[in-house]
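In this note's numbering, the protein residues as written are 1 to 375. Backbone N, C-alpha and C define an ideal beta-carbon position, used for all residues, glycine too.
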Ligand SMILES: Nc1ncnc2c1ncn2[C@@H]1O[C@H](COP(=O)(O)OP(=O)(O)OP(=O)(O)O)[C@@H](O)[C@H]1O
Ligand SMILES: [Mg+2]
């Protein structure tokens, strides 16, 4: 289909900084999105982890099926690579309905959206990825569509233009966003169910890896799987990507089996350390610890020290370093935690750190700690 319906899945922002095939970047490049579709779970039963969102969604879908009506509109929010698109497609397959896919940036004119909405069959799922990037006029059209299953089609131009209300079939909107904070209140309020995706436990990532290894026909040992899972930053996309890299290594340099030794050797080759830090993450941390005595230091200075743009350091490296409890953002600048010194094998300074104990605890998600420190 042409127009605003994407043929494939919408690509994420290319984003600053890392090369698209960077081993631990949580975003996916275009090619990777194609590979990923083969590994996507197709039912809730197949969907690993995210117990809270999965259980709540199961209830929402079950209830709707019993009532024989489309479920509430669903918003899925959370960092890249945690399974939002997978869940959106699962909603369609659990309901046995078609999923029409588009994305916020693909809807340029509200007329495009009106056409899309009026083409939906009863009960269809409309999946809008990156919904926070939808243009304002299209967003306003969406309000009425979500609430009353109606759209206003504007006929004519200028003062003579009239809005003709048009009925559309009841449908379920599934929106996905990595930036829920950028959503307007009125849009957010129209979702009956909001699923906040969390980073995965290592044990869940091991299950993701076991499943993917099966699908890819790779022999993966339990300790090999644990090793990869531990370096995957709580993100299934990264786990699957590391598995593919390690598999390549296993096929070329070993007997094809992914064992602990093979995983370690391959991940060392790809510069992914045992916490999942890559070379750039480590050089940021190393500069902070060794050259600036643990900080505080401004992000611009830190970026110059590693030869990167400040926004790359800020948006690409720091979220995970903060989440891993290695770095803190304070009003006076970036500060290394004791864990950072230990991780890099540097002695912790005797006089203590600029950051006193407690605040260095690993926060459960990057976003909240960011607002905490960046006030
Ligand atoms: N719960 C899960 N169980 C099994 N595999 C998963 C799960 N979640 C994600 N994956 C795998 O991780 C990959 C990325 O997931 P997905 O594309 O759904 O993430 P996303 O949240 O939509 O990311 P983005 O924000 O970049 O669009 C998929 O290929 C899928 O196979
Ligand atoms: Mg997605």
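Taking all protein chains in view, the Cβ of residue 233 is crowded by 16 or more other Cβ atoms within 10 Å, so the residue is classified as buried.
According to DSSP, residue pairing for residue 100 in a beta bridge involves 126. Contact check for residue 81 and residue 228: beta-carbon distance about 15 angstroms, past the 8 angstroms limit, so the pair fails to qualify. Short note on residue 82: C-beta closer than 8 angstroms to some heavy atom of ligand 1.
Minimum Cα-Cα distance from residue 96 among the listed residues 109, 72, 124 and 118 corresponds to 124.
Runs of the beta strand (DSSP E) lying entirely within the region 19-95 and spanning at least 3 residues, in chain order: 74-77.
In the three-state scheme derived from DSSP, where H, G and I count as helix and E and B as strand, residue 231 is classed as coil. Closest option to residue 336, judged by alpha-carbon separation, among 315, 283, 37 and 215: 283. Contact between the region 241-259 and the region 193-207 is absent: fewer than 3 CB-CB pairs across the two stretches fall below 8 angstroms. With contacts defined by Cβ atoms closer than 9 angstroms, residue 58 and residue 76 do not form a contacting pair. A direct Cα-to-Cα measurement between residue 328 and residue 207 gives close to 31 angstroms.
For residue 254, there is no enclosing alpha helix (DSSP H), since its DSSP letter is neither H nor E.
As the crow flies, the alpha-carbon of residue 249 is around 9 angstroms from that of residue 269.
Within 8 angstroms of the C-beta of residue 102 there is not a single heavy atom belonging to ligand 2.
Within the DSSP secondary-structure output, residue 166 pairs in a beta bridge with 151. Of all alpha-carbon atoms in 236, 231 and 294, the one lying nearest the alpha-carbon of residue 209 is that of 236. For residue 50, the Cβ falls inside the 8 angstroms cut-off from some heavy atom of ligand 1. Between the C-alpha atoms of residue 106 and residue 158 there is a straight-line separation of about 26 angstroms. Annotated three-state conformation of residue 348 is coil, per DSSP. In the three-state reduction of the DSSP assignment, residue 120 falls in the coil class, being assigned neither a helical nor a strand state. Assignment of residue 211 by DSSP, reduced to helix, strand and coil, places it in the helix class.
In this model, residue 147 and residue 51 are separated by some 29 angstroms (Cα to Cα). The C-alpha of residue 347 is placed about 39 angstroms away from the C-alpha of residue 29.
Bridge partners of residue 330 according to DSSP: 333. Counting along the chain, residue 173 sits inside no alpha helix (DSSP H); it lies in the beta strand (DSSP E) bounded by residues 172-177. Remark: the C-beta of residue 46 is in contact range of ligand 1, defined as less than 8 angstroms to any heavy atom. As the crow flies, the alpha-carbon of residue 100 is around 10 angstroms from that of residue 173. Linking residue 252 to residue 167 through their CA atoms gives a straight-line distance of about 59 angstroms.
By the neighbour-count criterion, in which a residue is buried when 16 or more other Cβ atoms sit within 10 angstroms of its Cβ, residue 182 is exposed.
With a threshold of 8 angstroms, the Cβ atom of residue 330 does not count as near ligand 2, since no heavy atom of the ligand is closer than that. CA-CA distance, residue 314 to residue 67, rounds to 47 angstroms. As computed with DSSP, residue 258 is found in a beta bridge with 220.
Distances taken from the Cβ of residue 78 to the heavy atoms of ligand 1 include one shorter than 8 angstroms. Residue range 193-196 is occupied by the beta strand (DSSP E) that includes residue 195. In this structure, residue 280 places its C-beta atom within 9 angstroms of the C-beta atom of residue 316. Taken through DSSP and simplified to helix, strand or coil, residue 297 comes out as strand.
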